[in-house]
Amino acid sequence: MPELPEVEVTRQGIAGPLEGARIEALHLGKPLRWPLGCAPQRLVGATIGEVTRRGKYLWMPLAGEQGRPQGGLLWHLGMSGSLALLPPAPHEPPPPGPHDHVDLRTSAGTLRLNDPRRFGALVYAPGLDRDPAARLLAGLGHEPFDPGLTPEVFHARLRARRGPIKSVLLAGDVVVGAGNIYACEALFAAGIHPGLRADRLSRPRAARLLASLRSTLARALLLGGSTLRDFSDAHGVAGAYQSEAAVYARAGGRCRRCCGTVRRIVQGQRATYFCPGCQKR
DNA sequence: CGGGACGCCTGTGAGC
DNA sequence: TGCTCACAGGCGTCCC
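If you use my numbering, the first sequence corresponds to residues 40 to 320, in order.
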């Protein structure tokens, strides 16, 4: 679920309402991927700043009572996580379900993390540039919409990589944001075979792939992301992108462009979907 | 150092 | 119906 569009849609749903809100309590359920890293009580009274995104992480800066910087919270939705912003007092939030593992109660409402598989995380860090945040973000590549990521830069980065282009997109150390769905869809849109070695992409094809990646992510963002099982935005609204996926999860189906058959292969333990007719090495 | 496999955890759907 | 098995959108860590 949560690839860049889903995380960004989530961010857009919570950033405005939560900015300036005061933390009243933090309740934790079952353990997530990593421990919080500080006593929940220590966050009470802090004021939430502007929530930002880096890759698939959300950063929620916190300010202390006297405006002193007080670090922040790094959120990750993992494979099955979603955030819901529940109405503030006088409304009492419904009791947490079995997969609700975080309730961040604030003056602007309760931010609730639901994550059945618990690959997600909530981690406190003294700053974005301080551990553990710095360590987690250290290996991330360019943001896909970063103007500094020119076709030339993208091509140069790909030329240093010998693995299949699909795996390189997924790895996130060249460009962040594409998970399995959007990596497959962007490659289809660009007409590039997922098994092509990254260093074998010509400059024009690299440029085309970058453009396809951007348009794919932008389109998904516009549609509120993809909902394959249970993703929803901060207001509980499902995404709509999955219904227009050209290849993802469509093995055996008819390619919408050439009427050939969509194939499924496995690369690096992950399923890859592509159209052999439209995507060339 | 790059690249690939593993494992974290639970739910779902297919097949028997 | 009920069981088992494969598989699922991410990513840090380990090993070669």
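C-beta atoms are modelled at their ideal positions from N, C-alpha and C, and glycine is treated no differently. No experiment lies behind these values; they were computed from the predicted model shown.
Give the DSSP-derived three-state secondary structure of residue i in the structure shown.
i: residue 237; result: helix
i: residue 55; result: helix
i: residue 130; result: coil
i: residue 96; result: strand
i: residue 105; result: coil
i: residue 121; result: strand
i: residue 208; result: helix
i: residue 3; result: This structure gives no information on residue 3, because the portion of the chain shown stretches from 40 to 320.
i: residue 287; result: coil
i: residue 172; result: helix
i: residue 266; result: coil
i: residue 306; result: strand
On a CA-only basis, which of the options is nearest residue i? Give me that one, please.
i: residue 282; options: 258, 215, 304 and 190; result: 258
i: residue 285; options: 186, 300 and 271; result: 300
i: residue 81; options: 187, 173, 274 and 64; result: 64
i: residue 147; options: 67, 54 and 214; result: 54
i: residue 222; options: 291, 236, 256 and 109; result: 256
i: residue 45; options: 303, 305, 263 and 143; result: 263
i: residue 96; options: 205, 235 and 158; result: 158
i: residue 207; options: 184, 185, 236 and 116; result: 236
i: residue 318; options: 280, 234 and 292; result: 234
i: residue 69; options: 136, 292, 182 and 265; result: 136
i: residue 177; options: 144, 215 and 67; result: 215
i: residue 121; options: 314, 280, 134 and 47; result: 47
Alpha carbon to alpha carbon, how far is residue i from residue j?
i: residue 323; j: residue 232; result: In the structure as shown, the chain begins at 40 and stops at 320. Residue 323 is therefore absent and cannot be evaluated.
i: residue 94; j: residue 131; result: 33 Å
i: residue 218; j: residue 152; result: 20 Å
i: residue 203; j: residue 239; result: 9 Å
i: residue 170; j: residue 306; result: 32 Å
i: residue 168; j: residue 111; result: 11 Å
i: residue 142; j: residue 273; result: 13 Å
i: residue 290; j: residue 304; result: 9 Å
i: residue 138; j: residue 267; result: 18 Å
i: residue 129; j: residue 149; result: 12 Å
i: residue 271; j: residue 278; result: 6 Å
i: residue 316; j: residue 275; result: 38 Å
i: residue 190; j: residue 180; result: 14 Å
i: residue 61; j: residue 72; result: 26 Å
i: residue 59; j: residue 87; result: 5 Å
i: residue 182; j: residue 210; result: 13 Å
i: residue 67; j: residue 105; result: 26 Å
Hey, residue i and residue j are a contact pair by Cβ (cut 8 Å); roughly how many whole angstroms apart?
i: residue 156; j: residue 118; result: 5 Å
i: residue 102; j: residue 78; result: In fact, because the Cβ distance is near 18 Å, the residues do not count as touching under 8 Å.
i: residue 56; j: residue 116; result: The Cβ separation is near 18 Å, so there is no contact.
Is the closest heavy atom of the ligand ATP to the C-beta of residue i under 6 Å?
i: residue 249; result: This structure does not include the ligand ATP; it has no bound ligands of any sort.
Touching by the beta-carbon criterion (3+ pairs, under 8 Å), the stretch 221-235 and the stretch 290-307: yes
Using 8 Å as the cut-off, can you tell me whether the stretch 240-250 makes contact with the stretch 179-198, which would need three or more C-beta pairs spanning the two stretches below that distance? yes
Inter-stretch contact at 8 Å, needing at least 3 Cβ pairs: the stretch 161-181 / the stretch 121-131: no
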